[in-house]
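Chemist: I have a structure I would like to understand better, so I am pasting it below and will then ask my questions one at a time.
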Amino acid sequence: MRRALLAPLVCGALLSGSFVVVQAAPGPVVRGYSYGQHARQTVTVYGTKGPALVILHGGYWAEDTDWSEWASWFAERGFRVYDTDYRLNSDAPWDAQRADALAALRWVTARNGGARPLLLGSSAGGQIATVAGTYGAGATRVRGVVALSPVATPFRAWVDGARDGADRHQRRLRREAHRLAGCDPEREGRLCWARWADMAARTHASGTEDAPLFLVHSAEDFVPAAHSHDLADAQSVAGRTDTWLRVVPGSAHGAKLLDDGGVRSSVLRWLREHA
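Residues -24 to -1, 1 to 251, numbered by mature numbering (1 follows the signal peptide of the UniProt record, and there is no 0), are exactly what the sequence shown covers, in order.
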């Protein structure tokens, strides 16, 4: 598992698709499972009751990031949290990441008696989460999506990362988006453009068939709010009226947005309203 604080506490080996993590400190019960055959297709479950909340971490599609503290925080506030890993862009190109998210959502739904989970994604995980909520009939698989700094239009990140003055995060995001797509949109043909379009949540916006969305950025986020404006506008055109976009002061990105008490409270309230 990717979570360094939990790894030493794993009791036993991966047996029958599951392993149990024994905690050294008070907190929600934590267990780990596999939802597929790949080593990254794992879910760490926090808590034993409450509405299901699936978390998709960020990390430029290229690395794992630790959501264990926030997973515990949400579990302590009444959710059963499924902190979910997926194949990185070094493991497989798009659309493997969407396939993993959809497989994990099916796995979680089956474990919760058919009840659709909520979904929270951060940064690159926000891109996957917004696509999961809009691809096909997204509302049939998730009750609602919270996305923190979602890279909702990877082609926009590709363009922004080449601009004069692009910071190191934007330059890396451009490189990793290229690796995710597996092709150069400026040099390769129609199939490449189709893949880049498929990675954008706005491409799949279909209005009432999609899950409700709550999108959050900071004003100086290196993934600008324009990503979510693209998606919100596409949803509005398609007839979806409950896409919410919030932009807060500062430069916080992804999980760091939850350090703001106002953002934290609004996310928690939105999730409870849609549970």
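Ideal placement from N, C-alpha and C gives every residue a C-beta, glycine not left out.
All of these numbers come straight from a predicted model, not from anything done at the bench.
DSSP three-state label for V84, please.
Modeler: Note: V84 maps to helix in three-state DSSP.
Chemist: Output needed for R151: all residues of its chain with C-beta closer than 8 Å, excluding positions within five of it in sequence on either side, in chain order.
Modeler: The answer, listed in chain order, is G137.
Chemist: Within 10 angstroms of the Cβ of A91, are there 16 or more other Cβ atoms? Answer buried if so, exposed if not.
Modeler: Exposed is the call here.
Chemist: Determine the direct distance from the alpha carbon of T110 to that of T60, and round the result to whole angstroms.
Modeler: Computed Cα separation, rounded: 19 Å.
Chemist: Is DSSP giving A123 helix, strand or coil here?
Modeler: It is a strand residue.
Chemist: Using 10 angstroms around the beta-carbon of V213, count the other beta-carbons present and answer buried if the total reaches 16, otherwise exposed.
Modeler: Classification for V213: exposed.
Chemist: Let's see if you can read the secondary structure: which residues bound the alpha helix (DSSP H) around F50?
Modeler: Residues 44 to 52.
Chemist: Which residue spans inside the region 57 to 106 form an unbroken alpha helix (DSSP H) run of at least 4?
Modeler: Entirely contained in the region 57 to 106, the alpha helix (DSSP H) runs reaching 4 residues are, in chain order, 72 to 87.
Chemist: Going by DSSP, what residue range makes up the beta strand (DSSP E) through S194?
Modeler: Looking at the DSSP string, the run of the beta strand (DSSP E) that includes S194 is 189 to 194.
Chemist: With a threshold of 6 Å on Cβ separation, who are the neighbours of A173 within its own chain once the five nearest residues in sequence on each side are excluded?
Modeler: Hits under 6 Å: T179.
Chemist: Run through DSSP, which three-state label would R222 get?
Modeler: R222 falls in the strand class under three-state DSSP.
Chemist: Run the CB neighbour count on Q13, radius 10 Å, all protein chains shown included, and call it buried at 16 or more, exposed below.
Modeler: It is exposed - the Cβ of Q13 has fewer than 16 other Cβ atoms within 10 Å.
Chemist: In this structure, what does DSSP give as the bridge partners for V6?
Modeler: Paired residue(s): Y22.
Chemist: Which residue comes first and which comes last in the alpha helix (DSSP H) that contains W243?
Modeler: First, the amino acid is wrong: residue 243 is Val here, not Trp. Unbroken alpha helix (DSSP H) run through V243: 237 to 250.
Chemist: Taking 6 Å as the limit between beta carbons, can you name the residues of its chain near V122, skipping five residues before and five after?
Modeler: Cβ neighbours of V122 beyond the five flanking positions: L96, F190, V243.
Chemist: For V118, does the three-state DSSP call read helix, strand or coil?
Modeler: Correct three-state label for V118: coil.
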